[in-house]
Amino acid sequence: MTIATSIDDACAAMKAKPDALVLAGGTDLMVEVNRGIRPINDVVAVGRIPEMRGWSREGARGEVLRIGAGTTCADLTEPTIASLVPALAQAARTVGSPQIRNSATLGGNLATASPAGDTLPVLAALEAEIELRSVEGIRRLPLDEFVVGVKDNALVPGELIVAVRVPVLDGPQEFLKVGTRNAMVIAVASLALVVDRFGKTVRVALGSVAPIPVRAIEAEVLVAERLDFDGEVPPDSDLVDQFAGLVADAARPIDDHRGTAAYRRHAVMVIAGRALRRAFPGSSKVVE
Amino acid sequence: MSMVDTATVQRTETPTTRIGDSAARPDGIPKVTGDFVFSSDLWHDQMLWGGTLRSPHASARIRQINIGPALALPGVHAVLTHEDIPGSPDFGLDRPDQPVLARDIVRYEGEPVVVIAADHPDTVRRALAAVEVDYEPTKPLLDPTLAEDAPPIHPDGNVIRRIHLRHGDQEAASRSDLVSVEGTYEVGMQDQAFMGPESGLAIPDGEGGVDLAVATQWLHTDRDQVAACLGLPAERVRLTLAGVGGAFGAREDISLHIHLCLLALHTGRPVKMCYSRDESFYGHVHRHPARMWYRHYATSTGDLVRVEARLLFDGGAYASSSHHVIANATCFAAGPYRVPSADIEGVVVRTDNPPCGAMRGFGAVQSCFAHEAQMDRLAAALKMDPVALRRQNALASGDVIITGQRITGTLPVVEVLDACAAHPSAAGGPNEPMSRPGGAGRTADVEHIVRGEAVALGFKNLMFSEGFDDSSEARCVMHSGLVTVTTACAEVGQGFVTLVRQIVGEVLRTEEVVLEPASTNSIGSAGSTSASRQTWMSGGAVQLACEAVRRDLLARVADQYGVLVDDLALLDGRVVGLPNGEEPTLASLTVEPIEATIVHQHAPTLPLDDCGQGDAHVSFAVSAHRAIVDVDPDLGLVKVVELTTAQDVGRILNPLQALGQLEGGAAQGVGLAVMEEVKVVDGLIRNPSFTDYLIPTALDMPPLEVAALIEQPEPGAPFGAKGIGEAPTISSTPAVAGAIRAATGLDLPRVPVRPDDIALASREGRVSPEEAR
Ligand SMILES: Cc1cc2nc3c(=O)[nH]c(=O)nc-3n(C[C@H](O)[C@H](O)[C@H](O)COP(=O)(O)OP(=O)(O)OC[C@H]3O[C@@H](n4cnc5c(N)ncnc54)[C@H](O)[C@@H]3O)c2cc1C
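Chains as they are written, first to last, in this note's numbering: chain U, 290 to 577; chain S, 887 to 1659.
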């Protein structure tokens, strides 16, 4: 087992031991190991690499936020970063329990690439870029090229996720997650909505209703044309309903033991409407 | 004149170990700090690890089992099949109908087929994967409604028990002026969801016998079943209770006990087994799923006239305690109400679904969900207040229940109902986003929420019934002042270990107490830790044994000092009241030990006759819950905002432990109402993990308001105390379900209530948040 203290260390160890498992917070990995479905021979632990934890602002105006892959869900809920990417903080807050959030990392959530991974719809809506490193060098992939299927990602052997880049947007953000328990529950359906007032766009992505996070492009286009981005006039019911319907159309849900496809589609529609109303309350209402 | 001087009387006694005190659990701090040794922590330096190969099919013929490849693996010490069972090939709590290891047929997913012992858990895992079982899958019998007419899937047939209870005038409903309501209700399969998975350690004694340490609810019946399957006389199989991490009925049946002993005797080595969480879902019985049709008849002024019901319980593949579960469901089918005429048919059938058996509330949970829904429906039909309807029909001491039995003990139905219904609510509005339906998921805004409220009553027997009059044995020895208590009562978290100290403190006025480990070697059976019975049965046995020691002790002192026993008393480890002012210590008086062994029995019960009539029960208890819920109808999500309870307790022995039972039981009831279900599709469990078998978190379980604990001492019960463990689980579920109905206007005839049931229900009849406001 290698306990890496730098990214270079970790990459070197992964090159030397191609079948080693990468261990971050262990909240996915150890469950699989304990259940005997992930044979474990060697481990490269990346939890003690300082350069993989925390965040920084990049770009001339600090318009890009670079978040280390080792940043935990608990870290993501801290006020400073929460004010920059509120939806990511909201999503991180819904992950597991306090114990899990203290260990679970953004990189682990990404690498697991579960359809129910809670940070994924937010990263999809933000059009995040994933930064990968190996002894060969750096690769940068947009989220939709990184998450390629159910629990399947674009990592090649020896490659580590080191960071995620997302834009710092001017505008409200929402993350809503539906589950059959009020906390510590795997999403039956989730939705992230981010507003870019400057670009006059709204971006919406869904979780748990398709093998990978899906964008609701038609719904985005519809509202971009009709919303009042200055926030004076709230969307009328007609617009909200159309938007919600188009979002639901983007879902490709299945029936499983956590929920039926019919419920998932319905739930996505409901939370889409609510997210839009929250993001555009009009001048008379204050955002919560 | 009293011989006790005032100085003695005023001397303070240790205040926390008398009856009525909130004595702390002796195992409380070790459990919180992680020092307590649970069964999964058992260890022996020479031990092997055991594992179980289970059927992946709900129904299949076994053509062949090839253990060769597993046996050939280095580190594997034993690979056993049904051919290696020296004694009875079958076991069972009521009757031996379940193979220790499957022979030619498997009848449910997870049925054990092969057991293995090896040097390391990983070796066990590899060996399990190396066993070749050639199955021929057959069509499983999955629909309980078809079971009766289907070809038998077991030599004992597909009907495990049918009870047709008929009470009173069977023509009572033929009057034309009655109001009737009808409904069909369903309860899903709940799991006990204890935290400590099945585990144990078997150690061969080198002479053909075996010692087994195991987490269980009932050592002696386990011992008898294990011995029968090993082909050994009972005394060569010794069971000792290992640290139990919860039970709730799931440990009443044998799980790994026989397998462990077989492996230990076969290898001559200690063998440990510990189920994984997933395996645990296959390793124990669940609560019976039920379908229940009901019709209630009442006069137009709200007097119940007759209840008709058809209860169909799915027992799964093997009988377990189904026989008694259906009896309870049937006997308590009408709830704690005066019902002069009844026709209740209770049937429990065999299917290829997971076996079902005991779980907290034991049959009464299912029928309570139905009869309380019916009472609300009847109240609506009569345009009556649901609480008033219940009060008007409430049973009381002296009344006759639908089994024809007269209630001779206490039964404060009106008292618990009124206390609960009248208790002021402390529930605030849904202002805090996290405390709305959907919780941390932030799905609801205030305007999406509707609130509902409902009250429910629950009714159940205490102790075993129908002539199954088991006893409990206890021994009390006082030696050099130290009191040693021995019983085989299984402490499963209910607090018996605390109670023993309180009983000794109360009767013998000393804190110097040792409770011997519960074991089959040292004492006779205590009976099962179930049916809300151990405080009464084993608590009673300990009380009687302590009283016998006290009598002998005082007689010894009276004799020695030439005084009357009546002048003497015990106080703080001394005998007081001697005319010479001397206060001999218990230590000095019991250099020569004093010992008493008592077998405690409750009043006898009788079997039910062909019409389900008879004095089958020892005692009864009643509880009330009021639930206030917030519902987000569009998403079908629920937040239970407040739960209030009042319970018939006889007498409170330990207020803190009583609260623990009330809170824990209610949490299990909330779970059944809104989330807890073992989802079985095509006979296969789809959610065998705590990832997907959801139990309430702190955000789901509201604060429990205790409106009242009604103390009406029960005649015949030690200290007048009734068992209190099960009632909280019974009435909480229907209260929550009723509150969701009140909020949404939907029928919701099934628990757990799923989001689909609310969100996708036809909008007709549904209350919208705007209308509700
Ligand atoms: C009780 C419980 C509740 C949970 N609840 C939720 C929930 O509500 N929502 C949710 O989305 N998830 C949930 N999870 C899953 C899990 O906590 C998250 O997916 C978490 O983000 C995983 O991060 P980790 O650091 O623990 O990853 P690990 O378990 O350490 O690793 C997970 C996978 O990612 C790989 N990996 C980790 N870091 C890197 C890296 N930097 N580069 C390349 N590969 C890497 C590992 O090799 C492994 O395959 C829950 C888990 C548990 C046990």
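Each residue gets a CB set at the ideal place from its N, CA and C atoms; glycine is no exception.
Practice task
Kindly provide the ranges of any beta strand (DSSP E) runs that are 3 or more residues long and lie completely inside the segment 1188-1255 of chain S, ordered along the chain.
Solution key: 1190-1200, 1227-1235
Practice task
Consult DSSP for U/N471 and reduce its assignment to one of helix, strand or coil.
Solution key: In the first sequence, counting from the first residue as 1, residue 471 of chain U sits at position 182. Correct three-state label for U/N471: coil.
Handout entry: Bounding residues of the beta strand (DSSP E) (the contiguous stretch that carries S/E1018)
Key = Looking up residue 1018 of chain S in the second sequence gives position 132. Taken as a continuous stretch (DSSP letters only), the beta strand (DSSP E) holding S/E1018 covers 1018-1023.
Problem - Outcome for U/V575 when other beta-carbon atoms lying within 10 angstroms are tallied against a minimum of 16 - result: The residue you call residue 575 of chain U lines up with position 286 of the first sequence. Its pLDDT being 49, under 50, U/V575 is placed unreliably in this model, and the value from its coordinates should be taken loosely. U/V575 should be labelled exposed.
Problem - Neighbour-count burial assignment, U/S372, 16 or more Cβ in a 10 Å radius - result: Against the first sequence, residue 372 of chain U aligns to sequence position 83. So U/S372 counts as exposed.
Practice task
Within its chain, find whatever has a CB closer than 7 Å to the CB of S/T903; leave out the 5 residues flanking it on each side and keep chain order.
Solution key: Along the second sequence, one-based indexing puts residue 903 of chain S at 17. For S/T903, where only same-chain residues beyond five positions count, the Cβ hits under 7 Å are A909, R1387, Q1388, G1391, E1397.
Handout entry: Exposure label - S/S941; buried when at least 16 CB within 10 Å
Key = Sequence index remark: in the second sequence, residue 941 of chain S carries index 55 (1-based). When all chains shown are included, S/S941 counts as buried.
Problem - Cα-Cα separation between U/G359 and U/E367, rounded to whole angstroms - result: Working through the first sequence from its first residue, we reach residue 359 of chain U at position 70. Working through the first sequence from its first residue, we reach residue 367 of chain U at position 78. Going from the Cα of U/G359 to the Cα of U/E367 covers about 15 Å.
Exercise for the section: Check whether the segment 1424-1439 of chain S touches the segment 1479-1498 of chain S, taking contact to mean three or more Cβ pairs, one atom from each stretch, closer than 8 Å. Expected result: yes
Handout entry: Assigned exposure category for U/N330 - 16 Cβ within 10 Å defines buried
Key = For the purposes of this step, residue 330 of chain U is taken as residue 41 along the first sequence, with counting starting at 1. Exposed is the call here.
Handout entry: Cβ of U/R547 within 8 Å of any chain S Cβ
Key = Here residue 547 of chain U is taken as the residue at index 258 of the first sequence, counted from 1. Yes, U/R547 lies at the interface with chain S (some Cβ there is under 8 Å from its Cβ).
Exercise for the section: Take U/V457 as the anchor and find which of U/A472, U/G351, U/V536 has the nearest alpha-carbon. Expected result: Taking the first residue of the first sequence as position 1, residue 457 of chain U is located at position 168. For U/V457, the nearest C-alpha among the options comes from U/G351.
Exercise for the section: Please list the partners that U/V467 has in chain S, where partner means a Cβ-to-Cβ separation under 8 Å. Expected result: Start at 1 with the first residue of the first sequence, and residue 467 of chain U comes out as number 178. Per Cβ cutoff of 8 Å: G1324, G1327, T1329, L1521, L1523, P1641.
Problem - Classification of S/Q932 by the beta-carbon crowding that lies within 10 angstroms, buried from 16 upward - result: The residue labelled residue 932 of chain S in the question sits at position 46 within the second sequence. By the neighbour-count rule (16 or more Cβ atoms within 10 Å), S/Q932 is not buried but exposed.
Exercise for the section: Using beta-carbon positions only, say whether U/R566 and U/V529 come within less than 8 Å of one another. Expected result: Taking the first residue of the first sequence as 1, we reach residue 566 of chain U at position 277. Taking the first residue of the first sequence as 1, we reach residue 529 of chain U at position 240. A contact, by the Cβ cut-off of 8 Å.
Exercise for the section: Provide the residue span of the beta strand (DSSP E) that contains S/Q1056, from first to last. Expected result: Along the second sequence, one-based indexing puts residue 1056 of chain S at 170. First-last for S/Q1056: undefined, no H or E at that position.
Problem - Cβ pair S/S1509, S/T1531 closer than 8 Å - result: Numbered from its first residue, the second sequence carries residue 1509 of chain S at position 623. Numbered from its first residue, the second sequence carries residue 1531 of chain S at position 645. Going by C-beta atoms, S/S1509 is nearer than 8 Å to S/T1531.
Problem - Option in S/E1194, S/E1402, S/P1310 with minimal Cα separation from S/S1060 - result: Reading the second sequence from its first residue, position 174 is the one you call residue 1060 of chain S. If we check each option's Cα against that of S/S1060, S/E1194 comes out closest.
Handout entry: Amino acids of chain S, ordered along the chain, whose beta-carbon sits closer than 8 Å to that of U/A540
Key = For the purposes of this step, residue 540 of chain U is taken as the residue at position 251 of the first sequence. The contacting residues do not exist; U/A540 stays about 15 Å from chain S at best.
Practice task
Report yes or no: is there a C-beta of chain S within less than 8 Å of the C-beta of U/I560?
Solution key: As a working mapping, residue 560 of chain U is identified with position 271 in the first sequence. Yes, contact with chain S.
Practice task
For chain U, find out if any of its Cβ atoms is closer than 8 Å to the Cβ of S/M1561; answer yes or no.
Solution key: In the second sequence, the residue the question calls residue 1561 of chain S occupies position 675. At least one chain U Cβ lies under 8 Å of S/M1561.
Handout entry: Closest Cα partner of U/P500 within the set U/V536, U/A402, U/A568, U/L421
Key = Locating residue 500 of chain U in the first sequence gives position 211, where the first residue counts as 1. Considering only alpha carbons, the answer is U/A402.
Problem - Beta-carbon proximity list for S/P1638, same chain, < 7 Å, skipping 5 on both sides - result: Along the second sequence, read from residue 1 onward, the residue named residue 1638 of chain S stands at position 752. Excluding residues within five positions, the ones whose Cβ falls inside 7 Å are G1074, L1558, A1559, V1560, M1561, E1562, E1563.
Exercise for the section: With 8 Å as the threshold, decide whether the Cβ of U/T383 is near any Cβ in chain S. Expected result: Numbered from its first residue, the first sequence carries residue 383 of chain U at position 94. By this cut-off, U/T383 is an interface position.
Exercise for the section: For S/H1143, name the three-state secondary structure that DSSP assigns. Expected result: Counting from one through the second sequence, the residue named residue 1143 of chain S turns up at place 257. In the structure shown, S/H1143 sits in a helix (DSSP, three-state: H, G or I).
Practice task
Along the beta strand (DSSP E) that carries S/L1116, what are the first and last residues, could you check?
Solution key: Residue 1116 of chain S sits at position 230 when you count from the first residue of the second sequence. No beta strand (DSSP E) holds S/L1116; the alpha helix (DSSP H) holding it covers 1105-1116.
Handout entry: S/G1606: CB within 7 Å of a non-hydrogen atom of ligand 1
Key = The residue labelled residue 1606 of chain S in the question sits at position 720 within the second sequence. No; taking the cut-off as 7 Å, the Cβ of S/G1606 has no heavy atom of ligand 1 nearer than that.
Handout entry: Short CB-CB distance (under 8 Å) between U/V576 and chain S
Key = As a working note, residue 576 of chain U is residue 287 in the first sequence. Residue placement at U/V576 is poorly supported in this model, since its pLDDT is 47, which falls under 50; the coordinates still yield a value, given next. Judged by the 8 Å Cβ criterion, U/V576 is not in contact with chain S.
Exercise for the section: May I ask you to report which of helix, strand or coil DSSP gives S/K1158? Expected result: Residue 1158 of chain S sits at position 272 when you count from the first residue of the second sequence. DSSP places S/K1158 in strand when its eight states are reduced to three.
Practice task
Specify the secondary structure class of S/D921 as computed by DSSP and reduced to three states.
Solution key: The residue labelled residue 921 of chain S in the question sits at position 35 within the second sequence. The answer is coil: DSSP assigns S/D921 none of H, G, I, E or B.
Exercise for the section: For U/G571, I'd like the list of residues in its chain whose CB is within less than 8 Å of its CB, leaving aside the five on either flank, ordered along the chain. Expected result: Position 282 of the first sequence, counted from the start, is the residue given in the question as residue 571 of chain U. Only G520, E521, V522, P523 meet the Cβ criterion.
Problem - 6 Å Cβ shell around U/T383 - same chain, five flanking residues per side excluded - result: In the first sequence, counting from the first residue as 1, residue 383 of chain U sits at position 94. Cβ within range, chain order: D407, K466.
Handout entry: Neighbour-count burial assignment, S/R1659, 16 or more Cβ in a 10 Å radius
Key = Counting from 1 along the second sequence, the entry for residue 1659 of chain S is found at position 773. Note that S/R1659 scores a pLDDT of 48, beneath 50, so its modelled location is shaky and nothing firm can be said.
Practice task
Return the CA-CA distance between U/L310 and U/N323, expressed in angstroms with no decimal places.
Solution key: In the first sequence, the residue the question calls residue 310 of chain U occupies position 21. In the first sequence, the residue the question calls residue 323 of chain U occupies position 34. U/L310 and U/N323: Cα-Cα distance of roughly 14 Å.
Problem - Candidates U/A334, U/L516, U/E418, U/G447, of which the one nearest U/G488 by Cα - result: As a position in the first sequence, residue 488 of chain U is number 199, starting the count at 1. Closest option to U/G488, Cα to Cα, is U/L516.
Practice task
Identify the contact partners of S/D1164 in chain U, using a Cβ-Cβ distance below 9 Å as the criterion.
Solution key: Counted from its first residue, the second sequence places residue 1164 of chain S at position 278. Ordered by position in chain U, the residues that pass the 9 Å Cβ test against S/D1164 are R324.
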